[in-house]
Amino acid sequence: MPMVRQATIDDAPRIAEIHVRTWQIAYRGIVFDSILDAMDVSKREQVWRENLAKQHELGRMNFVVENESDVAGWVSIGPNRDTDVDIGAVFELYGLYLHPDHWDKGYGYRLIAHALDWVRAQRKWKEITLWVIEPNARARRFYERVGYRPDGATKNWGSQGCVIPELRYRMTL
Numbered sequence: 003m004p005m006v007r008q009a010t011i012d013d014a015p016r017i018a019e020i021h022v023r024t025w026q027i028a029y030r031g032i033v034f035d036s037i038l039d040a041m042d043v044s045k046r047e048q049v050w051r052e053n054l055a056k057q058h059e060l061g062r063m064n065f066v067v068e069n070e071s072d073v074a075g076w077v078s079i080g081p082n083r084d085t086d087v088d089i090g091a092v093f094e095l096y097g098l099y100l101h102p103d104h105w106d107k108g109y110g111y112r113l114i115a116h117a118l119d120w121v122r123a124q125r126k127w128k129e130i131t132l133w134v135i136e137p138n139a140r141a142r143r144f145y146e147r148v149g150y151r152p153d154g155a156t157k158n159w160g161s162q163g164c165v166i167p168e169l170r171y172r173m174t175l
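In my numbering, each residue carries its 1-based index in the sequence shown increased by 2.
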């Protein structure tokens, strides 16, 4: 049975692998192939090692879902980074990714439920937001099923000349 637990530095290699592989599959046809093909797991692992080492200091939490002893996905949450929200009342979901081999098995629901339970238990925040790439219909449907709704805010994600609109979604806790 899948289990959710707090991520540790030891999870960085698998989190990085999931991060890169999921981008390469989920965003193919949305993000330039040259960007996706150049993604490097070892570089992403270093970023994750740093993030996980400082997560408590930065007020962030990262959780992984395990299928037996294999990490199948992760979720990252923390203080809101948007300038137009009350950061004392609004938390943020930074990312939720599952290895493509584990899509459509309920792991995403387990991860998001665990993250939301943790946020609610803190009794500090009234809402939680996230940013989703607009053309990513699969992710948008998932977030809508768990209670998120677009709040009208938009921005662009961009890299190497590839510009993609993002939508902010919001959920009342």
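Note that the Cβ used here is the ideal one computed from N, Cα and C, for glycine as well.
Values in this document were obtained by computation on a predicted structure and should not be read as measured data.
In whole angstroms, what separates the C-alpha of Tyr-171 from that of Arg-125? By 1-based counting over the sequence shown, the position of residue 171 is 169. By 1-based counting over the sequence shown, the position of residue 125 is 123. Between Tyr-171 and Arg-125, the C-alpha separation is close to 21 Å.
Exposed unless 16 or more other CB atoms sit within 10 angstroms - verdict on Ala-18: The count along the sequence shown starts at 1 and reaches residue 18 at position 16. So Ala-18 ends up on the buried side.
Leaving aside the five residues before and after Trp-159 along the sequence, list all residues of the same chain whose C-beta is less than 6 Å from its C-beta, in chain order. Indexing the sequence shown from 1 puts residue 159 at position 157. So the list reads Ile-166, Glu-168, once near-sequence residues are dropped.
Report yes or no: do three or more beta-carbon pairs, one from the stretch 50-63 and one from the stretch 30-39, lie closer than 8 Å? no
So what does DSSP say about Pro-137, is it helix, strand or coil? The sequence position of residue 137 within the sequence shown is 135, counting from 1. In this structure, Pro-137 counts as coil in the three-state DSSP scheme.
Could you have a look at Thr-24 and say whether DSSP puts it in helix, strand or coil? On the sequence shown, residue 24 is found 22 positions in, with the first residue counted as 1. Residue state, collapsed to three classes: helix.
For Gln-8: DSSP bridge partner residues: Reading the sequence shown from its first residue, position 6 is the one you call residue 8. Gln-8 pairs with Phe-65.
Could you please give me the residues that DSSP links to Lys-157 through a beta bridge? Stepping through the sequence shown from its first residue, residue 157 is reached at position 155. Answer by DSSP bridge pairing, in chain order: Glu-168.
Relative to the alpha-carbon of Ser-71, which residue among Asp-13, His-116, Leu-132 has its alpha-carbon at the smallest distance? Within the sequence shown, residue 71 is the residue found at index 69, counting from 1. Taking only the C-alpha atoms, the option nearest Ser-71 is Asp-13.
Fully enclosed by the stretch 53-121, which beta strand (DSSP E) runs are 3 residues long or longer? 63-69, 72-81, 92-100
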